[in-house]
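**Student:** Using the working numbering, the first residue of the sequence shown is number 18, and each one after it goes up by one.
Where is the CB? At the ideal position from N, CA and C, for every residue including glycine.
As the structure is a computational prediction, the values presented were derived from the model and not from experiment.
I have a structure here, written as C-alpha cells, and I will follow up with some questions on it.
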Amino acid sequence: MIFALLPRRLPAILAIIVIACALPELVLQGADSGLWGSARWRPLSYAHGAFWVGLLHGWAPNFEFQRWTMFITYSFLHAGLGHLVVNMIALVSLGFPIITRIGQPKFSILYIASLFGGAIGFALCTTKLQPMVGASGALFGLLTAQLVWDFMDAKRKKTKTAGLVLSTLWSMVLLILLNIIMYWVASGNLAWETHLGGAIAGAVMAPFLLGKTK
C-alpha cells in the first residue's frame, strides 16, 4: 500500500543528478576498501575535481581550465557515503515538488544557478585552504526557492501578517536544521559559505522561474 503512494520513477533530471553524484562516491568507496583501484583515488579525485579556493589566488592548476571546471565538478564529489546519502535524500525530497511546480527545464536552470552560487559564495567568503565538495550548495538553492514561492503564495492569498511571520520563522528553522544535519554528517567540516551562496542564488532565481499565477 505504501509503495503505491510512491512515484513510479524519478524524473529524468533527478535520476541523472543522482547517478552523476553516486557513481564517483561508489567507485571511491570500493577503492577505499581495496576492492579495486587504489586508496589514492580519493585524494586524486579531490585534487582534480574539488573546489580549491587557492586556485583563484595563484595556485598552479593540475590541468588547463581547472579553475573553471571546479565550479561544477565539486558538486558531484562527496566526503563519504553518509554525505552522499543525506544529500541525495534531500535532492529527491526537494526536487519532486519543485519539478511538479516548474518543470524539469526550469528545475535544471535553478539547480545549475544554485550550484554556481554555492561555489561563488565559498570563493568569496571562505578563509580555509581545504577543498570543498558536495551538492549541498545547490540543495540550499532549491530549498530557498521553495520557501520564496511559499511566501509569494501566502502573500497572493492575502494571508494574515501572523501567518507570514510564522511561515518565515518556519523557513529559518528548516535552514538551521538542515545546516545542523550537514554539520553532523560532515564531522564538523561545514562549508556554510557554500550553503549561503546557494541559498542566495536560489532565492534570487525563484521569482523569475515561477510562471504567471492565476
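In three-state terms, what does DSSP make of LEU82?
**Tutor:** The residue given as residue 82 occupies position 65 in the sequence shown. Reading the sequence as shown, one finds Phe at residue 82 and not Leu. Looking at PHE82 - three-state DSSP - the assignment turns out to be coil, as it is neither helix nor strand.
**Student:** Apart from the five residues on each side of it in sequence, which residues of its chain come closer than 7 Å, Cβ to Cβ, to ALA64?
**Tutor:** Here residue 64 is taken as the residue at index 47 of the sequence shown, counted from 1. Hits under 7 Å: ASN79.
**Student:** Using 8 Å for Cβ pairs, my map puts THR161 next to GLY120. What's the rounded Cβ distance?
**Tutor:** Position 144 of the sequence shown holds residue 161. Position 103 of the sequence shown holds residue 120. Their Cβ separation, rounded to whole angstroms, is 19 Å, which puts THR161 and GLY120 out of contact at 8 Å.
**Student:** Would you kindly work out how many angstroms separate the C-alpha atoms of MET87 and LEU195, rounded to a whole number?
**Tutor:** Looking up residue 87 in the sequence shown gives position 70. Looking up residue 195 in the sequence shown gives position 178. Answer to the nearest angstrom: the Cα atoms are 24 Å apart.
**Student:** Please list, in chain order, all residues of the same chain as VAL35 whose beta carbon is under 8 Å from its beta carbon, the five residues on each side excluded.
**Tutor:** Translated into the one-based positions of the sequence shown, residue 35 becomes position 18. Closer than 8 Å at Cβ, skipping near neighbours: LEU27, MET105, LEU108 and VAL109.
**Student:** Is it right to say GLU81 is buried, meaning 16 or more other beta carbons lie within 10 angstroms of its own, or is it exposed?
**Tutor:** Here the question's residue 81 lines up with position 64 in the sequence shown. Exposed is the call here.
**Student:** Any contact of the region 121-138 with the region 93-100, i.e. 3+ C-beta pairs under 8 Å?
**Tutor:** These segments do not touch.
**Student:** Hey, quick one: how far does the alpha helix (DSSP H) through ARG118 stretch, first residue to last?
**Tutor:** Walking along the sequence shown from the start, residue 118 turns up at place 101. Here the alpha helix (DSSP H) through ARG118 covers 98-119.
**Student:** Indicate whether the contact test is met: 3 or more Cβ pairs, each with one atom in the region 127-138 and one in the region 208-218, closer than 8 Å.
**Tutor:** Verdict: yes, contact present.
**Student:** Roughly how many angstroms separate the alpha carbons of SER55 and GLY66, rounded to a whole number?
**Tutor:** What you label residue 55 is simply residue 38 of the sequence shown in a count that begins at 1. What you label residue 66 is simply residue 49 of the sequence shown in a count that begins at 1. The straight-line gap from Cα to Cα measures roughly 17 Å.
**Student:** With DSSP as the reference, identify every bridge partner of PHE68, one or two as the case may be.
**Tutor:** The residue labelled residue 68 in the question sits at position 51 within the sequence shown. According to DSSP, which records beta bridges pairwise, PHE68 is partnered with MET149.
**Student:** I need the boundaries of the alpha helix (DSSP H) containing TRP209, first residue and last residue.
**Tutor:** Residue mapping note: residue 209 aligns to position 192 of the sequence shown, counting from 1. That run of the alpha helix (DSSP H) goes 209-226.
**Student:** Find out if the Cβ-Cβ distance for the pair LEU226, GLN163 is shorter than 8 Å.
**Tutor:** For this step, residue 226 is matched to residue 209 along the sequence shown. For this step, residue 163 is matched to residue 146 along the sequence shown. Not in contact: LEU226 and GLN163 (Cβ atoms no closer than 8 Å).
**Student:** Using 8 Å as the limit for Cβ to Cβ distance, is ALA162 near chain B?
**Tutor:** In the structure shown, chain B cannot be found, because there is only a single protein chain.
**Student:** For SER125 and HIS74, I'd like the C-alpha separation in whole angstroms.
**Tutor:** In the sequence shown, residue 125 corresponds to position 108, counting from 1. In the sequence shown, residue 74 corresponds to position 57, counting from 1. Between SER125 and HIS74, the C-alpha separation is close to 30 Å.
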